[in-house]
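Undergrad: Dumping the structure here so I can ask a few things about it.
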Amino acid sequence: MLFFAALNESSEISLSPAQAGDAVIEVRDVHCAIGGRVIFDGLDITARRGRITAFMGPSGTGKTTLLRLITGQSYAERGSVQVFGREVAQMSNVELFALRRRMGMLFQNGALLTDLDVYENVAFPLREHTKLPESLVRQLVLTKLHAVGLRGAARLMPSELSGGMARRVALARAIVMDPEILIYDEPFVGLDPISMGVICRLIKQMNEALGITSIVVSHDVQELSTIAHDSFLLSGGKVVASGTPEELSHSDIPEVKQFMGGLADGPVKFHYPAADYGAELLDAGDTK
Amino acid sequence: MSASADSIPVVAVRRVGAMSLFLLQVLARIGPALARPGLIVRQIYNAGARSLVIIMLSGMFVGMVLGLLGFDVFQRFGSEDYVGVLAALGNLKVLGPVLTALLFAGRAGTSLTSEIGLMKSTEQLTAMQMMAVDPVRYVVVPRFLGGFIAMPLLTATFTLIALYGAQLIGVQQMGVDSGAYWSQTQNAVSLHDVWEGVVKSLVFGVAVSLVAVYEGYHSEPTPEGVGLATTRTVVISSVMVLLLNYLLTAAFLTTK
């Protein structure tokens, strides 16, 4: 990382380096609404350096919105979102871009650039932010591709990759600049058990080998419980429970029990609010 | 929002304002984008070279129709020699730039919009932002410049082919004297007429390329949204080209 900082033209914009165990991301009393619908109503979350922190919750609870707040893609109406001790909402564009150079993000579908092959996708951040000689770029790219097991796929186009492979390439691209924070947005969605296991293992390896602070947003309880150090369960715009996955699985809180147990009945209703079923069936002819 | 606020003129003015601001964003990033000339060359190839066949075919047929129509009209007055004048002035001043721009909007403009729209819907633009790369500089500016540079080149190609097509029908098929055909054309066409075509093609290049990249960049990130944006590109660019053509024609007539 220091290597890239020295090469990076914008490295003068200082964001203080985090120490082990420090709170890298702090979300305090955040209120946020989208299209009149309240997403967060006093959200508090802390992610610490060197740990894998999981944000869990049913679909539509704002997990991806939380990532957008942390990465400065959108802003909360009230409250504080701090990364490396700096308020994200108060950063200028230059500062925000400097912050993002210290982050890597794995998107749900990989978000690989479709007009570049695997090698060029991984090399993309290096070419954009450094002036490294081609031989060094090649070494770095091949190292990262080897780490995710896809060195042999370097010349394939994104359209030739399976979903799991695309996500591994995206992971290689996300770590090629040696980020301090790695954010995974729904990394397990749509993967077969083998790919899921591979991604799970890679998340753990990246965290242990590189000391990266990892943020994993998912609703896959089983997978998260094997890798996460800390978990936050979001529901109703707030954190309803936090702790290790083990602690959450023994919680008596109804929302937690329903989510961890995958129960249809509970605080989160299966049916979207609607009029009386029988009455609506009888009135079916009037709806035209 | 009130009904009047959503009326067509208000929506149109709002869109023109948004496009103007977007154009300023694009212009401000042209300098940094020039540091990667390879990206621009690739877009000139995509927008220009890949449109060549349709432009050349259309130019040939337009020229041939002008030859036929011109001959049919002028022979009534015994002035068949003027077929070349009609073909040259018609193509240089109006048909060349306008038809090229309309064809460009349909072929390359839609391609630009859908490409950028799909990049947006597959989160590629967001991924760039997350990698601290400005997507306007990396994606939009090279495509805008590619379209802007390709348009005058395509217009010149269209016009030359159309002139050849008119000559093919007028001289080769209908038997107009070649010397009279070309001398009348040479006498009638001035540098002012050529300049009019060049300026129009440059202005249309900015207009169509801007509409295409704007609509793609601001499309809803859904299949339906990308489809609608592509349709808007064709509709807005076509209307804009015809409107600008009228304004520029009027302006050039007053400066003649």
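If you read the sequences in order, they're chains A and B. Here our numbering is used: the first residue of the first sequence is 41, the next is one more, and so on. Here our numbering is used: the first residue of the second sequence is 2, the next is one more, and so on. We treat Cβ as the ideally placed atom computed from N, Cα and C, and that holds for glycine. Source: prediction; values computed, not measured.
Are the C-beta atoms of Arg140(A) and some chain B residue less than 8 Å apart?
TA: Closer than 8 Å: yes.
Undergrad: Given this structure, state the Cα-to-Cα distance separating Glu225(B) from Val54(B), to the nearest angstrom.
TA: Between Glu225(B) and Val54(B), the C-alpha separation is close to 30 Å.
Undergrad: Got a sec? Which residues, its chain only, sit under 6 Å from Asp157(A) by beta carbon, not counting five neighbours each side?
TA: Closer than 6 Å at Cβ, skipping near neighbours: Arg195, Met197.
Undergrad: For chain A, is any of its Cβ atoms less than 8 Å away from the one on Glu221(B)?
TA: Not one chain A Cβ lies under 8 Å of Glu221(B).
Undergrad: Can you look up Arg89(A) in the DSSP assignment and give me helix, strand or coil?
TA: Reduced to three states, the DSSP call for Arg89(A) is coil.
Undergrad: Distance cutoff 8 Å, beta carbons only. Does Val134(B) sit that close to anything in chain A?
TA: Chain A, which has a Cβ nearer than 8 Å to the Cβ of Val134(B), makes this yes.
Undergrad: Which residues in chain A sit within 9 Å of Thr256(B), going by Cβ to Cβ distance?
TA: Near Thr256(B) there are no residues of chain A at all, since even the closest Cβ is about 43 Å away, more than 9 Å.
Undergrad: Checking contacts by CB at 8 Å: is Asn247(A) closer than that to chain B?
TA: By this cut-off, Asn247(A) is not an interface position.
Undergrad: Which value, in whole angstroms, describes the spacing of the CA atoms of Glu3(A) and Val227(B)?
TA: Residue 3(A) is absent from the model: chain A starts at 41 and stops at 328.
Undergrad: Suppose contacts are defined by Cβ-Cβ distances below 8 Å. Is Gly76(A) in contact with His259(A) by that definition?
TA: Not closer than 8 Å, so no.
Undergrad: For the region 220-246 of chain B, which residues have a CB atom closer than 8 Å to at least one CB atom of chain A, in sequence order?
TA: Flagged: no residues at all.
Undergrad: Just confirm the distance between the C-beta atoms of Ile79(A) and Phe272(A), as a whole number of angstroms; I'd bet it's less than 8 Å.
TA: Actually they are not in contact, since the Cβ atoms of Ile79(A) and Phe272(A) sit about 15 Å apart, beyond 8 Å.
Undergrad: Helix, strand or coil for Phe44(A)? Go by DSSP, reduced to three states.
TA: Here the model assigns Phe44(A) a pLDDT of 45, short of 50, so the residue's position is not dependable and the matter cannot be decided.
Undergrad: Residues of chain B with a CB under 8 Å from the CB of Ala151(A): which are they?
TA: Here the neighbours are Thr123, Glu124, Gln125, Thr127, Ala128.
Undergrad: According to DSSP, is Ala36(B) part of a helix, a strand, or is it coil?
TA: Reduced to three states, the DSSP call for Ala36(B) is coil.
Undergrad: Helix, strand or coil: how does DSSP classify Glu52(A) here?
TA: Its pLDDT being 39, under 50, Glu52(A) is placed unreliably by the model, and the measurement read from it follows with that caveat. In the structure shown, Glu52(A) sits in coil (DSSP, three-state: anything other than H, G, I, E or B).
Undergrad: Roughly how many whole angstroms lie between the Cα atoms of Thr154(A) and Thr256(B)?
TA: When rounded, the distance between both Cα atoms is 49 Å.
Undergrad: Could you tell me if Ala163(A) is buried or exposed, where buried requires 16 or more neighbouring beta carbons within 10 angstroms of its beta carbon?
TA: The residue in question, Ala163(A), is buried, as its Cβ has 16 or more Cβ neighbours within 10 Å.
Undergrad: Could you tell me whether the Cβ atoms of Ala151(A) and Thr127(B) are closer together than 8 Å?
TA: For Ala151(A) and Thr127(B), yes; Cβs fall inside 8 Å.
Undergrad: How far does the beta strand (DSSP E) with Asp316(A) in it extend, from its first residue to its last?
TA: First-last for Asp316(A): undefined, no H or E at that position.
Undergrad: Is the CB of Thr154(A) under 8 Å away from at least one CB in chain B?
TA: Judged by the 8 Å Cβ criterion, Thr154(A) is in contact with chain B.
Undergrad: Quick check: the Cα distance between Ser275(A) and Arg208(A), rounded to an integer number of angstroms?
TA: Looking at the two C-alpha atoms, the distance is approximately 30 Å.
Undergrad: Buried or exposed: where does Phe159(B) fall if 16 or more other Cβ atoms within 10 Å of its Cβ makes it buried?
TA: Buried, because 16 or more other Cβ atoms sit within 10 Å of the Cβ of Phe159(B).
Undergrad: Where does the unbroken alpha helix (DSSP H) through Lys244(A) begin, and where does it stop?
TA: First-last of the alpha helix (DSSP H) with Lys244(A): 233-250.
Undergrad: Should Thr234(B) and Glu221(B) be called a contact, given that it needs their Cβ atoms to be closer than 8 Å?
TA: No; because the gap between Cβ atoms is not below 8 Å, this pair is not in contact.
Undergrad: Could you give the distance in angstroms between the alpha-carbon of Phe310(A) and the alpha-carbon of Leu166(A)?
TA: Spanning the two alpha carbons is a distance of roughly 46 Å.
Undergrad: Count the other C-beta atoms from every protein chain shown that fall within 10 angstroms of the C-beta of Val236(B), then say buried if there are 16 or more, exposed otherwise.
TA: Exposed is the call here.
Undergrad: Say whether chain B places a C-beta atom closer than 8 Å to the C-beta of Phe299(A).
TA: False, the Cβ-Cβ gap to chain B never drops below 8 Å.
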